[in-house]
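A.B. asks:
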Amino acid sequence: ENQAINIFLLSDGTATWGAADPYEISKNLNDNHVLFSYNTGMSGTSTSLLQHLTRHTGGALFSVTGEDEVEKASTAFRNIPWKIENINIKGAEDILIEGRPSYIYPGQQLLLTGRNSISNHVELNISQNGNKKRLNIPIQKINSNLTSRVYGQVATNQLEEFDSYTEKIAIAYAKQFSVAGKTCSFLMLETKEDYEQYNIKKTEDAFVIKSSPVSTLIQKTLKDIGALLGNSKLYFKNWLNKLTTLDGFDFQVPTSLEMIVDQLPENKFSLSQKNIICKSRNKKDISETLAKELLKSKLDYDLISEEAQRRKEKYGNSDALKILSSLIEKNPGDAVLARDVAYSALEWNLNEQAYFLFQRVLKSRPYEPQTYHAIAQTLHEVGNDELALIYYEIAVTAKWDNRFGEFRKIVVLDYLNFLNKIQNKNNFQLKDFAASKLNTLKEEFSDEYADIMVTISWNTDNTDIDLHVIEPSGEECYYQHRKTKMGGQMSQDVTTGYGPEMYILKDAKKGKFKVKVKYFSSNRNRTATRTKVYATVYKNWGKKNQTVSKKVVSLVDDKEMHNIIVIDF
Numbered sequence: 007e008n009q010a011i012n013i014f015l016l017s018d019g020t021a022t023w024g025a026a027d028p029y030e031i032s033k034n035l036n037d038n039h040v041l042f043s044y045n046t047g048m049s050g051t052s053t054s055l056l057q058h059l060t061r062h063t064g065g066a067l068f069s070v071t072g073e074d075e076v077e078k079a080s081t082a083f084r085n086i087p088w089k090i091e092n093i094n095i096k097g098a099e100d101i102l103i104e105g106r107p108s109y110i111y112p113g114q115q116l117l118l119t120g121r122n123s124i125s126n127h128v129e130l131n132i133s134q135n136g137n138k139k140r141l142n143i144p145i146q147k148i149n150s151n152l153t154s155r156v157y158g159q160v161a162t163n164q165l166e167e168f169d170s171y172t173e174k175i176a177i178a179y180a181k182q183f184s185v186a187g188k189t190c191s192f193l194m195l196e197t198k199e200d201y202e203q204y205n206i207k208k209t210e211d212a213f214v215i216k217s218s219p220v221s222t223l224i225q226k227t228l229k230d231i232g233a234l235l236g237n238s239k240l241y242f243k244n245w246l247n248k249l250t251t252l253d254g255f256d257f258q259v260p261t262s263l264e265m266i267v268d269q270l271p272e273n274k275f276s277l278s279q280k281n282i283i284c285k286s287r288n289k290k291d292i293s294e295t296l297a298k299e300l301l302k303s304k305l306d307y308d309l310i311s312e313e314a315q316r317r318k319e320k321y322g323n324s325d326a327l328k329i330l331s332s333l334i335e336k337n338p339g340d341a342v343l344a345r346d347v348a349y350s351a352l353e354w355n356l357n358e359q360a361y362f363l364f365q366r367v368l369k370s371r372p373y374e375p376q377t378y379h380a381i382a383q384t385l386h387e388v389g390n391d392e393l394a395l396i397y398y399e400i401a402v403t404a405k406w407d408n409r410f411g412e413f414r415k416i417v418v419l420d421y422l423n424f425l426n427k428i429q430n431k432n433n434f435q436l437k438d439f440a441a442s443k444l445n446t447l448k449e450e451f452s453d454e455y456a457d458i459m460v461t462i463s464w465n466t467d468n469t470d471i472d473l474h475v476i477e478p479s480g481e482e483c484y485y486q487h488r489k490t491k492m493g494g495q496m497s498q499d500v501t502t503g504y505g506p507e508m509y510i511l512k513d514a515k516k517g518k519f520k521v522k523v524k525y526f527s528s529n530r531n532r533t534a535t536r537t538k539v540y541a542t543v544y545k546n547w548g549k550k551n552q553t554v555s556k557k558v559v560s561l562v563d564d565k566e567m568h569n570i571i572v573i574d575f
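Under this note's numbering, the first residue of the sequence shown carries the number 7, and numbering increases by one thereafter.
1. Could you check the C-alpha separation between Y349 and V342 for me, to the nearest Å?
2. I need the DSSP call for P144, collapsed to helix, strand or coil.
3. Would you mind reading off the limits of the beta strand (DSSP E) that contains A10?
4. What does Y509 pair with, by DSSP beta-bridge criteria?
5. Check whether the Cβ atoms of V514 and I458 sit closer than 7 angstroms, and answer yes or no.
6. Since W547 is in the beta strand (DSSP E), which residue starts that stretch and which ends it?
7. The alpha helix (DSSP H) spanning E77 covers which residue range?
8. Could you spell out where the alpha helix (DSSP H) holding F410 opens and where it closes?
9. For N531, does the three-state DSSP call read helix, strand or coil?
10. Tell whether a beta-carbon distance below 7 angstroms holds between A180 and T172.
11. Measure the alpha-carbon distance for I400 versus L240 and round it to whole angstroms.
12. Among I329, A212, V185, K320, whose alpha-carbon lies nearest the alpha-carbon of L309?
13. Using only CA atoms, which one of E167, L368, I13, L56 lies nearest to G339?
14. For the alpha helix (DSSP H) that contains L363, what are its first and last residues?
15. Under 8 angstroms by Cβ, that's how I've got V128 and G158 pegged, so tell me the actual separation to the nearest angstrom.
16. Check whether the stretch 475–484 and the stretch 440–454 are in contact - that is, three or more C-beta pairs closer than 8 angstroms.
17. Taking the beta strand (DSSP E) that S555 falls in, what are its first and last residues?
18. Which runs of the alpha helix (DSSP H) fall wholly inside the stretch 270–316 and span at least 4 residues, in chain order?
19. Just to confirm before moving on: does the CB-CB distance between D391 and F434 stay below 7 angstroms?
20. Examine the Cβ distances between the stretch 98–118 and the stretch 57–71 and report whether three or more of them are shorter than 8 angstroms.
21. Compute the Euclidean distance between the alpha carbons of K556 and E566, then round it to the nearest angstrom.
22. Could you check which residue in P372, A344, G19, S49 has the C-alpha nearest to that of D42?
23. Does chain D have any CB closer than 7 angstroms to the CB of W88?
24. Inspect the beta-carbon positions of Y455 and G517 and report whether they are closer than 7 angstroms.
25. In terms of residues, what are the limits of the beta strand (DSSP E) holding T119?
26. Indicate the three-state DSSP secondary structure (helix, strand or coil) for W245 in the structure shown.
27. In terms of residue numbering, what span does the alpha helix (DSSP H) encompassing Q164 cover?
28. According to DSSP, simplified to helix, strand and coil, what is S218?
29. Bridge partners of N569, per DSSP?
30. Do G113 and K147 have their beta-carbon atoms positioned less than 7 angstroms apart in this structure?
31. Going by Cα to Cα distance, which pick from G322, K304, E319, S311 is closest to N337?
32. Can you tell me whether R287 is buried or exposed, with buried defined as 16 or more other CB within 10 angstroms of its CB?
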């Protein structure tokens, strides 16, 4: 029962979908799992994640960049591993092993680096089932300017593994050794004034590095917070505090928000991603054209979208999303594309998948309020109302750029609706806070109900989408005519992207209300996505007989009017 199970991970290790935190991923591995993986040397490989998973399980990451290495790696895992006790190199300081492996297998390569001049051999102390060995391995010295760069690369990667706990030191190493990664990216500076403007001082970085050996710092970090790594609640609290330091918006964590975060158990701060079950598993379902397309480094957005629609009609939503995921895998850093696919996931009621995609958007573009709102709505759909409430709180308490129009008013009205729905749930853990917040918001906004409320948001920046509602009388409510005789009101026009815009009518007359959107202008520089409008339509908003309809519409041509829904009231 407790026999070790070998797992062979044939992957590039790049987390393009779902959870990305290495410690969160490794929680899914049982104690008897031993994971082996392979570094093929191909571009795009995330060796850091592969190193973490193999280290965590006592497995190994083998290099297989040549045929001779393939032969060794194919049988090495059958041998009992040796535990690495310590490594000594006379004269060297801050000795680091790339990937920090705990065990070594026959044929496994180790990359060692450190500071200062060194002797002509490495002393490697290893143990296995009580047996100890001391190996003296000769090394060949090579004088190269790249040696310090290798040390800087390994040191920075190891420090970045612990996120905010070692972030300041990691930034110093990244800047000193010009390493692009999680903490820093390359910025081309030409003058001394440029360095002064961006506060880049290499002399100070050198002092920090000299005073902060990485091996010592990592040992201390693991001792202090090792048991907390992968703790989703602690990660969330650190992220929440980090929001207060970011540019592009103003956010301070309210005391009440800190208190409710402290009240909740850890399991409320994570979301299990359900596997999507696909029906199509046969190669014959892939056309020759699509097969050739999937081999390309850049996919044709329209071709993949058309295939997704075909699969949706033939097999269902899961198959449609699976083919769309190819767009993300080819462009893992494209937040606009991630938001695009997230809207499709919402339309197809695959909310867990949408949540993780919106999280990717949030990580790279934390200054856009619509993402917090979308995550709150998604969390509510999957039943995590406590975490949804926290995201609503961030959305309504932060101060956002004026270009987002009446975002706060619109999100508050949705927040009110959310609070009304969840405050009486038996298993809801924040009842007192929800009741207090509900009273506060009702004092701020007198609109407790409406016969009709329509909100729209969209997925592309620098795009002007206009909401139009034609009332039964024929009167049209839109940005140039924001108040109607019936009492319909249109929110402020948002012309620079994402929305939201809202139409609200407190007392509706009987008849048909035609909801439309006009694609007024777009960001013509974007060819890898299409603008999608996410519309939420409420009848009897705030009342006991409230109903809600949600719809996603893809827009094609500028200046065109697109039908959303007809409300029969």
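C-beta atoms are modelled at their ideal positions from N, C-alpha and C, and glycine is treated no differently.
Keep in mind it's a predicted model, so treat the numbers as computed, not measured.
C.D. replies: A quick look at the data gives this:
1. 11 angstroms
2. The answer is strand: DSSP assigns P144 an E or B state.
3. Counting along the chain, no beta strand (DSSP E) covers A10, and no H or E run does either.
4. V460, M496
5. Note on residue identity: the sequence assigns Ala, not Val, to residue 514. Yes, they are a contact pair.
6. 538–547
7. 73–82
8. Run containing F410: none; DSSP gives neither H nor E here.
9. Note that N531 scores 48 on pLDDT, short of 50, meaning its location in the model is unreliable and no value can be drawn from it.
10. no
11. Rounded to the nearest angstrom, the two C-alpha atoms are 17 angstroms apart.
12. I329
13. L368
14. 357–370 is the extent of the alpha helix (DSSP H) around L363.
15. Contact between V128 and G158 fails: their C-beta atoms lie close to 20 angstroms from each other, not under 8 angstroms.
16. no
17. Counting along the chain, S555 sits inside the beta strand (DSSP E) bounded by residues 553–560.
18. 294–300
19. Yes, they are a contact pair.
20. yes
21. 21 angstroms
22. Checking the displayed sequence, the identity of residue 42 turns out to be Phe instead of Asp. Closest by alpha carbon: G19.
23. Looking for chain D here will not work: only one protein chain is present.
24. no
25. 118–121
26. helix
27. 153–166
28. coil
29. K522
30. no
31. The option with the nearest alpha carbon to N337 is K304.
32. exposed
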